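For the sequence shown, the numbering used here begins at 4 and goes up steadily by one.
Think of the CB as a built atom: it goes at the ideal place given N, C-alpha and C, for glycine as much as any other residue.
Keep in mind that this is a model prediction, so the values were computed, not measured.
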Amino acid sequence: MMMVYTLRIVIRCSKPPIWRKVAAPSDMTLGQLHQVIQIVMGWEDEHLHQFKLTDKSLIRDIPGLLLKLTKEGRWSDIFTATHGVRVFVAATTPYGEPTEMEGEDEDSVTLAEVCPKVKTRLTYEYDFGDSWEHIIEVQKIEEPKAGVAYPVCLGGKLACPPEDCGGIHGYYNMLAAVIDPKHEDHESVIEWMGDDYDPEAFDLEEVNAMLAKWRRRKRR
């Protein structure tokens, strides 16, 4: 039976937290979850990404096994065996080219398979240059409500940072320059970010309209 997961997604090190709450079906793949995160957070899907799931029970310190995995070139399995972390990646880049990243196929696993219980956490990293890490925590698992189309955004706070702004610390440095007219980068940052950028903005209705379009494309 399909269940509904309530997920809280927070950008790591954001203070106050930049967060979204999403209700998603349990049979959603991690590849589909990636697309949903891009929509609800406000990213533009221009960079590589990966999911990480920490499970210390997966750690295997067996020399024979590691030698076997090395000979077979199974580098992602070596990482899992030594660190207890499963990595899930997309088969292609945002531009449709094959990726050379090591990891499991994110389209081969569902939310229910990797997050079987409440309080399970996943890390979603977007743009390995800026390294936007999102902590995804399962807050509820319940039966779907009649008349509700999933996934749906339940809430959120604060705007998504601009792409390519230097990560969370670069983003806060830019905001500091914006509010200080005497800052040496004040004018250049405003020109780069645009006059209409509002760090406080979050439009739940607009986000859910975008999710509705995504659901229609997925059905087709």
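- Message: Give the list of continuous beta strand (DSSP E) stretches no shorter than 3 residues that lie fully inside the region 122-206.
- Response: 124-129, 135-145 and 155-160
- Cut-off 7 Å between Cβ atoms - residues of its own chain near V112, not counting five sequence neighbours on either side: T32, L33 and F91
- By how many angstroms is the C-alpha of E203 removed from the C-alpha of P190? Per the sequence shown, residue 190 should be read as Glu rather than Pro. Each residue's Cα considered, the two are about 20 Å apart.
- Item | Range of the contiguous alpha helix (DSSP H) that encloses I42 | L33 to M44
- Item | Stretch pair the region 127-135 + the region 170-179: three plus CB contacts closer than 8 Å | yes
- Can at least three beta-carbon pairs, one atom from the region 173-190 and one from the region 35-55, be found at a separation below 8 Å? no
- Message: For a test of the three-state rule: what should DSSP assign to Q108, helix, strand or coil?
- Response: It should be noted that the sequence gives Asp, not Gln, for residue 108. If DSSP states are grouped into helix, strand and coil, D108 belongs with the strands.
- Message: Tell me the residue span of the beta strand (DSSP E) that contains A27.
- Response: W22 to P28
- Buried versus exposed call for D108 [16 or more other C-beta atoms within 10 Å across all chains shown]: exposed
- Beta-carbon separation (whole angstroms), E140 vs V7, contact threshold 8 Å: That pair is no contact at about 15 Å.
- Mind checking who K55 pairs with in its DSSP beta bridge? V90 and T126
- Message: Can you look up T9 in the DSSP assignment and give me helix, strand or coil?
- Response: strand
- For T96, which residues from the same chain have a beta carbon less than 6 Å from its beta carbon, with the 5 sequence-adjacent residues on both sides left out? T102
- Can you give the Cα-Cα distance for C118 and L214, rounded to whole angstroms? 22 Å
- Message: If I follow the unbroken alpha helix (DSSP H) through E103, where does it start and stop?
- Response: From DSSP, E103 is part of no alpha helix (DSSP H); its letter is neither H nor E.
- Using the C-alpha atoms, what's the distance from D48 back to V155? 19 Å
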